[in-house]
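To start, the structure under review is shown below, and the notes come after it.
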Ligand code: AMP
């Protein structure tokens, strides 16, 4: 199945110069959505995975389903002040300014095997920040998976030493 057919390019969104990869055509198509999830499942079914970590907001669309398929738990990483209990925070650089993400302090037990899942790998700033959050809690990142990778931005270089996989490459 050619998943690229279900990715819509939206030029100049959310700001001028960005070509946004809109995945809603993929999510709304039953066969494409199933194929994408089955493909991720096939990639990780042999891997040791105790927890799947998904990043707000688009990671929440499919990472919990993958957790279910793998027989793993699901852990949300959220924007500040959304999680109700004690959190660990990480702040990272954006093109202009910084961003912060949070995870509950008891989300991951030391030594647990963790699969990090998000919709898209661009510069790698978001994923590498979440890797820090996971490792700070003693988690062992066994894989980092995406639906889409913008290879020309070389986000993988920020995730050195990790098993990085994406279903769709640009
Ligand atoms: P980065 O930290 O640069 O790897 O950016 C990753 C996050 O930004 C992902 O969670 C994406 O949802 C979002 N993102 C960045 N660039 C794009 C793009 N061109 N199209 C869609 N989403 C993007």
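Numbering (the working numbering), first residue to last: 736 to 905.
Backbone N, C-alpha and C fix where the C-beta goes; we use that ideal spot for every residue, glycine too.
Can you grab the Cα-Cα spacing for the pair residue i / residue j, in whole Å?
i           : j           : result
residue 739 : residue 868 : 31 Å
residue 779 : residue 875 : 15 Å
residue 744 : residue 879 : 24 Å
residue 829 : residue 899 : 21 Å
residue 863 : residue 764 : 30 Å
residue 857 : residue 770 : 23 Å
residue 897 : residue 877 : 7 Å
residue 852 : residue 788 : 6 Å
residue 822 : residue 871 : 12 Å
residue 808 : residue 802 : 6 Å
residue 756 : residue 888 : 14 Å
residue 895 : residue 841 : 26 Å
residue 882 : residue 754 : 16 Å
residue 825 : residue 854 : 19 Å
residue 768 : residue 866 : 26 Å
residue 792 : residue 886 : 22 Å
residue 843 : residue 800 : 19 Å
Can residue i be considered in contact with the ligand AMP, in the sense that its beta carbon sits closer than 7 Å to one or more heavy atoms?
i           : result
residue 755 : yes
residue 890 : yes
residue 789 : no
residue 857 : yes
residue 761 : no
residue 862 : yes
residue 769 : no
residue 885 : yes
residue 700 : The shown model of the chain, from 736 to 905, leaves out residue 700, and the question about it has no answer.
residue 785 : no
residue 854 : yes
In this structure, how does DSSP classify residue i when only helix, strand and coil are distinguished?
i           : result
residue 901 : strand
residue 737 : coil
residue 790 : strand
residue 891 : helix
residue 884 : strand
residue 973 : The chain is shown only over 736 to 905; residue 973 falls outside these bounds and no answer can be derived.
residue 783 : coil
residue 743 : strand
residue 831 : coil
Any beta carbon of chain B sitting closer than 8 Å to that of residue i?
i           : result
residue 874 : No chain B appears in this structure, which consists of one protein chain only.
Under 8 Å, with one C-beta from each stretch per pair, do the segment 835 to 845 and the segment 768 to 775 reach the 3-pair mark? no
So, does the segment 783 to 793 touch the segment 838 to 850, judging by three or more C-beta pairs under 8 Å? yes
Contact between the segment 740 to 747 and the segment 759 to 774 (3+ Cβ pairs under 8 Å): yes
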